[in-house]
Structures are given as C-alpha cells and as structure tokens.
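Numbered continuously in the UniProt record's numbering, the sequence shown closes out at residue 437.
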Amino acid sequence: MTSNDNRRINRRDVLKGTGAAGLVLTAGCVSTADETPTPTESGGNGGGGGDGDTDTATPTEGGDMGGAYSIGMVNSLTGSLSAFGARNERGMELALESVNEVGIGGRELDIIVEDSESQAQAGVSAAQKLVNQDQVPFVIGAVGSGVSLAIYESVIQGTDVVQLSQNSTSPDLTNFPGLLRMSPTGRTQSTALADIISEDGYDSVAVAWVNNDYGQGLADAFVEAWDGDVAYNSPHDQGQSSYASTVSEMANSGADAWLFITYQPEFTAMAQEAYSNGYEAQYYGADSVQGSDVLSDTPEGSLEGMKIVTPSAAVEEQNYQDFAERFEEAYDQTPSSWAAFAYDCVITAALSIATADEFTGAALQETVRDVTRPEGEQVTTFAEAMDVLGEDGSASDIDYQGVSGPIDFDENGDPVGFLQIFTVEEHEYVSTGFTSA
Numbered sequence: 001m002t003s004n005d006n007r008r009i010n011r012r013d014v015l016k017g018t019g020a021a022g023l024v025l026t027a028g029c030v031s032t033a034d035e036t037p038t039p040t041e042s043g044g045n046g047g048g049g050g051d052g053d054t055d056t057a058t059p060t061e062g063g064d065m066g067g068a069y070s071i072g073m074v075n076s077l078t079g080s081l082s083a084f085g086a087r088n089e090r091g092m093e094l095a096l097e098s099v100n101e102v103g104i105g106g107r108e109l110d111i112i113v114e115d116s117e118s119q120a121q122a123g124v125s126a127a128q129k130l131v132n133q134d135q136v137p138f139v140i141g142a143v144g145s146g147v148s149l150a151i152y153e154s155v156i157q158g159t160d161v162v163q164l165s166q167n168s169t170s171p172d173l174t175n176f177p178g179l180l181r182m183s184p185t186g187r188t189q190s191t192a193l194a195d196i197i198s199e200d201g202y203d204s205v206a207v208a209w210v211n212n213d214y215g216q217g218l219a220d221a222f223v224e225a226w227d228g229d230v231a232y233n234s235p236h237d238q239g240q241s242s243y244a245s246t247v248s249e250m251a252n253s254g255a256d257a258w259l260f261i262t263y264q265p266e267f268t269a270m271a272q273e274a275y276s277n278g279y280e281a282q283y284y285g286a287d288s289v290q291g292s293d294v295l296s297d298t299p300e301g302s303l304e305g306m307k308i309v310t311p312s313a314a315v316e317e318q319n320y321q322d323f324a325e326r327f328e329e330a331y332d333q334t335p336s337s338w339a340a341f342a343y344d345c346v347i348t349a350a351l352s353i354a355t356a357d358e359f360t361g362a363a364l365q366e367t368v369r370d371v372t373r374p375e376g377e378q379v380t381t382f383a384e385a386m387d388v389l390g391e392d393g394s395a396s397d398i399d400y401q402g403v404s405g406p407i408d409f410d411e412n413g414d415p416v417g418f419l420q421i422f423t424v425e426e427h428e429y430v431s432t433g434f435t436s437a
C-alpha cells in the first residue's frame, strides 16, 4: 500500500472492533444564569477529520488511526444566544455518552467545541479553525441563523465538509440545500403565529424584529402568512442600551397585538420599558424570546397571557421521555427542545460516520441524510441503530427517529417540524398546545 492507502478507513474493518466507553470532550463548558452545565473531562486526541478538499482521511494526533473520530461544533458559549448554547452543550454531552458507551467500531467520538460569541464573524473564525486547523469533516453549528449562513458561505460551501445546524430556524437556510439543520424552518413558526393571532380575534399587529437573517426571515414569512393589517414592521439592532423608541412606536401604531421576533436580552429590555411606560398589548413571540432569564428579569404580570411558538421535541414519544429522564438526573432540570436538537445532531453525525466507507467529508455527505430516511428500519437510540447495522449494514438500513422527533431531511436540508405553544400564566411558561409543521 502507498502512504495514502494506509490513511483510508474501511468501514467493515472498523466495525470488527470492540465497543468503547467514556465521554470525550475537548472544550470547557459554559455557565449561564439559568443553567450551569457540569464540566466534562477533556481527553480527546485532537483533530481527526478530513479537510473537505480531499478524499483522504486525516489520522488523529500521533498518527494513531485507532484514536477518536473528531468532529467540530460551533456553539454560542457567550453572547446573546449563550442560554441556547448552554442547552446545546448539555444535549451534546448526553449524546456523547450514548455514542461512546457503544463505540463506533471500537472508537470513540470526540467533539471539538468553538465559541461563535453569537456573532457571524466570530463564528466564521471558529469554523475556519475547525476545518482548516483541526481538519474535521463534519461541523455542527451554529445557533444563530446569520452565523450558520456566514459559516456556510465563507467556510463550508465548495468543500465536502458536512454542516448541520443545531438551532437555526431562518427560512433563508432553505435556499442553501448543502446546509442541513435539525430544528425546523422558522417559516412554520411564522405561519402558526399568524394563525394563532387571527384565531385570538386580532386583525392588526405590530412586528418588531432583530436586524439579521433570522429576524428578517421570520418577519417576512409572518407578513406573507398574515391576512390582517401590519401596523408596524421594523427592525432593531442587537445590544442596544434602550429600546424605548421601538416600544413607543409599537404603542403609537394602534395595534393591539405585538409580535416580537428577537432575542432574550433585547425582548427583556422592551418588555421592561413597555411595562414602565404603561403600554398595554397582547404579546406574541418566536422561540428566541423564551427563557427563564426573561421571567426573572421582568416584573410579575408584565408578560401575562403572552403566547410563544417554539420548535418542540416529540415529548409524548418514549425515546424523548427516556432522554428527558437522563437529562433531569444529570442536570436537575427539564430539557428544552434545543437540547434535544443538539442531541440528535451528535447521534446523526455518529451514525453517518458508522455507515460511511471512510472518515471524509465526501463519504459523510453520502450517508448523513440516509441514516434518517423513512425507508430504513426505525431505530430510536444509537445502540439500537448499531445493532441493526451489524458489521456490514448501510445507511439506508436504518431510520433514526430522533428524541426531537422524525428528522427525514428533505431536498433543502430541512427536517420535519413539530411546534409547541407556550402561554405565560402567573409569570411561568405553561404548555397550551402543539401544532405540526
């Protein structure tokens, strides 16, 4: 064999190995006000992927082909989306436990985590480090839609590297079939919000949206779905010290229904200023305005009756309930749908690796969609999937049913969507219904 041949990984040979246990993580965890993830031991061997420009797998550090399979994650460890990032990290940790208790042909999975700081440029820098320096063939990321799109257009597009976003919901991502995502398109949220506001008897609405791809995408989709009057429709920037002008203009619009498509810190400031000025309206919101920090930082009664539509896990399914039980035991907290999406990203990546002919971006591109296709045998855990695959199974043999629900990526890289409706009652989020997408 040539040296190049020695670096190729044959899946059948790999699957003859024994299972490996243990959790491998090469990034520290993040703490937020409402969630404090438990730190995990670090012990990975470093980047062991492909650079996306060749069909050659790169050995792990030291040239040991028996080391961990290394993939990357761009997560919001800091910045305005860090609360989502903390949930992602917990879901990721549980998924790594699930994978590494079984092993991928005797090898562990290692995830190198980099911080996007919830900003596009920092996210691009993080992805460049993962792809160019660590040479990972698979990147999970990012949280914010604008960050995911920036990473795809600046780093991923034109390579063989697989990108699977854990949380991005902007309708714009549908226009980039090479960019996969685990959470459903926000167009489904916008349509559901239009229906709910109309059913509640309102015919005029004021829409405030954060000035980025996520905000504009959901706002445009809402306006398209809404049959009534849009009395106010205006963007705002992140990180302003005050949003008094925004809520004043919403109040002056005369609309009795206010829709917020923004992030938790920005919405919290708006809610505080609206309350202090005595403005009254029926509030509605996209998923990004929901969080325990919002409740703790706004006056009791200021959000009463607010309705929020958020992507949901399939909470009535047994595999989700098993996941939720593990999550609560580990973190003393009920998981969010975002943790479930991150969990499913890791399991999907692991199954893609297990069914690929070699550990390269080109090979993973061939398997990442097929492991969740309905043509295969339904499996609900990584262990069950590996049992079905045996030594020589293929990606089309399995249909992974995620803890977040069926995935079934379509031709645009979008999954099947499932949405949950929350209403603020006595300053708590109460689930008040579900809708499919």
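The beta-carbon is built from N, C-alpha and C at its ideal position, and this holds for glycine as well. The model shown is predicted, which means the values in this text are computed figures rather than measured ones.
In the displayed model, Tyr275 falls within a helix according to three-state DSSP. Taking all protein chains in view, the Cβ of Gln189 is crowded by 16 or more other Cβ atoms within 10 Å, so the residue is classified as buried.
With a cutoff of 9 Å on beta-carbon distance, Arg87 and Ala330 are scored as not near each other. Taken through DSSP and simplified to helix, strand or coil, Gln157 comes out as coil. According to DSSP, Gln163 shares a beta bridge with Val139, Leu179.
Between Thr310 and Phe409 a beta carbon distance of about 21 Å is seen, past the 8 Å cut, so the two are scored as non-contacting. In the assembly as shown, Thr334 is an exposed residue. Its beta-carbon has fewer than 16 other beta-carbons within 10 Å. The bridge partners DSSP lists for Ala356 come to none. Excluding five sequence positions before and after Ala194, the CB atoms of its chain that fall closer than 8 Å to its own CB belong to Phe222, Ala225, Trp226, Asp227, given in chain order. For Trp226, the three-state secondary structure derived from DSSP is coil. Gln216 carries a helical assignment under DSSP once its states are collapsed to helix, strand and coil.
The Cβ atoms of Ile71 and Asp110 lie closer than 9 Å to each other.
A straight line joining the alpha-carbon of Gly417 with that of Gly105 spans about 32 Å. Between the C-alpha atoms of Gly158 and Glu391 there is a straight-line separation of about 33 Å.
DSSP places Glu391 outside both helix and strand once states are collapsed to three, so it counts as coil. For the stretch 85–125, there is no continuous alpha helix (DSSP H) assignment of 4+ residues that stays within its boundaries.
Ser241 counts as exposed, since fewer than 16 other C-beta atoms from the protein chains shown sit within 10 angstroms of its C-beta. In this structure, Ala286 keeps its C-beta atom at 9 Å or more from the C-beta atom of Ala255. Take the alpha-carbon of Glu425 and the one of Asn212: they are about 30 Å apart.
Taking the CA atoms as reference points, Ala314 sits about 5 Å from Gly405. Under the 10 Å beta carbon count, Val147 is surrounded by 16 or more other beta carbons and is classified as buried. By the neighbour-count definition (other C-beta atoms within 10 Å, threshold 16), Asp237 is an exposed residue. For Pro235, the secondary structure class from DSSP, reduced to helix, strand or coil, is strand. Cβ atoms of Ile353 and Tyr400 stay farther apart than 8 Å, at about 13 Å.
If you check the CB distance, Phe260 and Ala192 do not come in under 9 Å. Taking each of Ala339, Tyr263, Phe323, Glu117 in turn and checking the Cα distance to Gly215, the smallest one comes out for Tyr263. The DSSP assignment places 318–331, 337–355, 361–367 as complete runs of the alpha helix (DSSP H) inside the stretch 308–377, in order along the chain (cut-off: 4 residues).
The three-state reading of DSSP puts Tyr152 in helix, counting H, G and I together. Comparing alpha carbon positions, the residue from Asp387, Pro415, Gly239, Thr367 closest to Val162 is Thr367.
A contact is defined here as three or more CB-CB pairs under 8 Å, and the stretch 373–391 fails this definition with respect to the stretch 164–171. For Asn412, the secondary structure class from DSSP, reduced to helix, strand or coil, is coil.
Annotated three-state conformation of Leu303 is coil, per DSSP. When only Cα atoms are considered, Ser80 and Thr169 end up about 16 Å apart.
The stretch 170–189 and the stretch 148–157 touch, with three or more beta-carbon pairs separated by less than 8 Å. In the structure shown, the three-state DSSP call for Gln240 is coil. In the DSSP assignment, Glu425 falls within the unbroken beta strand (DSSP E) covering 418–425.
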